[in-house]
Amino acid sequence: MNKMGLFSLRLCTGTLVRWAGLYPHSIRACTGMTKLQIDEEVAKLLELKAQLGGDDGKHAFVLKTAKGTRDYNPKQMAIREKVFNTIISCFKRHGAETIDTPVFELKETLTGKYGEDSKLIYDLKDQGGELLSLRYDLTVPFARYLAMNKITNIKRYHIAKVYRRDNPAMTRGRYREFYQCDFDIAGQYDPMIPDAECLKIVHEILSELELGDFRIKVNDRRILDGMFAVCGVPDDKFRTICSTVDKLDKMSWEDVKNEMVNEKGLAPEAADQIGEYVSMQGGMDLAEKLLQDLKLSQSKQACAGLTDMKQLFSYLQLFRVTDKVVFDLSLARGLDYYTGVIYEAVLTQSSPAPAPPAQQNGAVGEEGVSVGSVAGGGRYDGLVGMFDPKGRKVPCVGVSIGIERVFSIMEQKAEASAERVRTTETQVMVASAQKNLLEERLKLTAELWDAEIKAEVMYKKNPKLLSQLQHCEDTGIPLVAILGEQELKDGVVKLRTVATREEVDVSRAELVEEIKKRTL
Numbered sequence: 069m070n071k072m073g074l075f076s077l078r079l080c081t082g083t084l085v086r087w088a089g090l091y092p093h094s095i096r097a098c099t100g101m102t103k104l105q106i107d108e109e110v111a112k113l114l115e116l117k118a119q120l121g122g123d124d125g126k127h128a129f130v131l132k133t134a135k136g137t138r139d140y141n142p143k144q145m146a147i148r149e150k151v152f153n154t155i156i157s158c159f160k161r162h163g164a165e166t167i168d169t170p171v172f173e174l175k176e177t178l179t180g181k182y183g184e185d186s187k188l189i190y191d192l193k194d195q196g197g198e199l200l201s202l203r204y205d206l207t208v209p210f211a212r213y214l215a216m217n218k219i220t221n222i223k224r225y226h227i228a229k230v231y232r233r234d235n236p237a238m239t240r241g242r243y244r245e246f247y248q249c250d251f252d253i254a255g256q257y258d259p260m261i262p263d264a265e266c267l268k269i270v271h272e273i274l275s276e277l278e279l280g281d282f283r284i285k286v287n288d289r290r291i292l293d294g295m296f297a298v299c300g301v302p303d304d305k306f307r308t309i310c311s312t313v314d315k316l317d318k319m320s321w322e323d324v325k326n327e328m329v330n331e332k333g334l335a336p337e338a339a340d341q342i343g344e345y346v347s348m349q350g351g352m353d354l355a356e357k358l359l360q361d362l363k364l365s366q367s368k369q370a371c372a373g374l375t376d377m378k379q380l381f382s383y384l385q386l387f388r389v390t391d392k393v394v395f396d397l398s399l400a401r402g403l404d405y406y407t408g409v410i411y412e413a414v415l416t417q418s419s420p421a422p423a424p425p426a427q428q429n430g431a432v433g434e435e436g437v438s439v440g441s442v443a444g445g446g447r448y449d450g451l452v453g454m455f456d457p458k459g460r461k462v463p464c465v466g467v468s469i470g471i472e473r474v475f476s477i478m479e480q481k482a483e484a485s486a487e488r489v490r491t492t493e494t495q496v497m498v499a500s501a502q503k504n505l506l507e508e509r510l511k512l513t514a515e516l517w518d519a520e521i522k523a524e525v526m527y528k529k530n531p532k533l534l535s536q537l538q539h540c541e542d543t544g545i546p547l548v549a550i551l552g553e554q555e556l557k558d559g560v561v562k563l564r565t566v567a568t569r570e571e572v573d574v575s576r577a578e579l580v581e582e583i584k585k586r587t588l
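Counted the way the working numbering counts, the sequence shown spans residues 69 to 588.
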């Protein structure tokens, strides 16, 4: 392309980008595109413009995060830290210890563990050595860790980032890079006791975070497999039909049936029988009813699962969480490694906070934030044995909190609330009312730091008192320790409460205790 052609293309691209920024509503009206789709198209134009170079012919960098990722500002990080602290506190309350594993694994470690979702694994470019992939979840690396270190008994939690080559839905807390918060119990124990504790943990965390009303759906892969068998599903189609049933929370039964029959090749009468079962919900009573079901009772697998389901609900009654737990035969969870009880927590009444204007694209209704499931997990007794050279199994059960979806709700609640989110934990600002007191301010600040008081000082020799007080107002610092010539002579500090503007003289020796008393 000649110079004139490049210049024309750059000019056209720049004009389109500016027009999209100035008149997004007009573009939406003309094209029917959503805000997110417009943003994606603008991003493509910006990349094209960067490749072509700026108006001066030089390469221009596009300042944007990669698709499916995001930055977090201090306010968002403060909210995230609060959520993490709540979750970690719960994990520790239940006696868990923590581990860490590499962010990438040998490709063969991850291959064949996730069913149809295996296509979402990020493969790394071959560097002439090992074939590697970014971890898809924290469960498979945990199983590899147990097998490699010959560990047969552990209760652990792990909070770290995982990666999925998925189609991101940013407003619903769905990303390509995101945190998972996992709690798992590995070891040979009596049936359903560890499983019940995992459900109790989900109940505790969602209750403490106050996200809104929720429901925890439970099922069992043995019940599902038994159901598929008695409904006439061929053995080699169990996993693929299971993956289709797993879409019932996103698709209508008619669409799910259509996929099973027309895409997966299942007989229509088999799909109809499955449809009768997956519409059932209940509790221990449903498990008892299904044990008497003429068809399902013919499956030993299903009977074993139903017997354990009854036992699970008896323990959940003791834990006082049955008000939120429902036995739901439509729950499938498409991951291949589950072998027993499976569960998923969903919000039944989402937060009343609307999405910020920049994020509204139809994913959020008037009732609140649409985020889907917020936790999930189950039993996977065979996964560790897949890595052990001798095939030795270590029974495991665990749960993963969908932390990014939780963050989406918490952030939007904070946006809608008038309550200020503090991004620092500073207890006191060391200030001066007069000039030439920098050395005294630094001395006092050092004394407070040494006493483990969280303190700040302004980085100016002679700051105005009003500027120092305004900084406290803006950042939520509750106290100001004010020094002046008279205070230095008297051996006191004027301690000001920012909210009430009340001031009191405190002796230098008693200052630390007084600050602790007022801020702890």
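We treat Cβ as the ideally placed atom computed from N, Cα and C, and that holds for glycine.
Asked	Found
Give the DSSP bridge partners of residue 441, in chain order.	414
Could you tell me how far apart the beta carbons of residue 387 and residue 352 are, in whole angstroms, since I believe they sit closer than 8 Å?	Not confirmed; about 14 Å, so no contact.
Roughly how many angstroms separate the alpha carbons of residue 369 and residue 202, rounded to a whole number?	35 Å
Look up residue 535 in the DSSP assignment and say whether it is helix, strand or coil.	helix
Measure from the alpha carbon of residue 594 to the alpha carbon of each residue in 108, 456, 396, then state which is nearest.	No information on residue 594 is available, as it lies outside the stretch 69 to 588 that the chain covers here.
Identify every residue that forms a DSSP beta bridge with residue 497.	524, 548
Run the CB neighbour count on residue 360, radius 10 Å, all protein chains shown included, and call it buried at 16 or more, exposed below.	exposed
Just the C-alpha distance for residue 129 and residue 544, rounded to the nearest angstrom, thanks.	37 Å
Taking the alpha carbon of residue 292 as the reference point, which residue from 371, 318, 249 has its own alpha carbon closest?	371
Could you spell out the range, first to last residue, of the beta strand (DSSP E) harbouring residue 200?	200-202
Using only the alpha-carbon positions, how far apart do residue 180 and residue 191 sit?	14 Å
CA-CA distance, residue 518 and residue 209?	42 Å
Only counting the same chain, and skipping five residues up and downstream in sequence, which positions put a Cβ closer than 6 Å to that of residue 425?	With a pLDDT of 33 at residue 425, under the threshold of 50, the predicted position of this residue should be treated as unreliable, though the coordinate-derived value follows. Contacts found: none.
Identify every residue that forms a DSSP beta bridge with residue 254.	222, 464
Have a look at 343, 272, 227, 526 and flag the residue whose alpha-carbon is nearest the alpha-carbon of residue 295.	343
With C-beta atoms as the reference, is residue 574 less than 7 Å away from residue 581?	no
Report all residues from its chain with a CB closer than 8 Å to the CB of residue 187; omit the five preceding and five following residues, and keep chain order.	233
Using DSSP with H/G/I as helix, E/B as strand and the rest coil, what is residue 385?	helix
Who pairs with residue 573 in a beta bridge, going by DSSP?	562
How is residue 299 classed by DSSP in three states: helix, strand or coil?	coil
By the DSSP assignment, the beta strand (DSSP E) with residue 287 in it spans what residues?	282-288
With DSSP as the reference, please indicate the residues paired to residue 228 in a beta bridge.	248
Can you round the beta-carbon distance between residue 151 and residue 471 to whole angstroms, since I take them to be within the 8 Å contact cut?	7 Å
Closest by CA to residue 503, which one among 510, 553, 474, 495?	553
Over the uninterrupted alpha helix (DSSP H) stretch that includes residue 354, give me the two end residues.	352-359
Does DSSP put residue 589 in a helix, a strand or coil?	Here the chain covers residues 69 to 588 and nothing more, so residue 589 does not appear.
Identify the continuous alpha helix (DSSP H) that holds residue 129 and give its terminal residues.	Counting along the chain, residue 129 falls outside any alpha helix (DSSP H), and DSSP gives it neither H nor E.
By alpha-carbon positions, which one of 401, 415, 416 ends up nearest to residue 409?	401
Residue range of the beta strand (DSSP E) that residue 172 falls in?	172-174
Are the stretch 265-280 and the stretch 460-480 touching by the rule of at least three beta carbon pairs closer than 8 Å?	yes
Excluding the 5 residues preceding and the 5 following residue 325 in the sequence, name in chain order all residues of the same chain whose CB lies nearer than 7 Å to its CB.	339, 343
Distance check for residue 167 and residue 526, CA to CA, integer angstroms please.	40 Å
Would you kindly report the start and end of the unbroken beta strand (DSSP E) that includes residue 394?	393-396
Taking a contact to mean a Cβ-Cβ separation below 7 Å, would you say residue 383 touches residue 264 in this structure?	yes
Whole angstroms are fine: how far does the CA of residue 227 sit from the CA of residue 473?	15 Å
Okay, do the stretch 254-264 and the stretch 193-201 touch, 3+ Cβ pairs below 8 Å being the bar?	no
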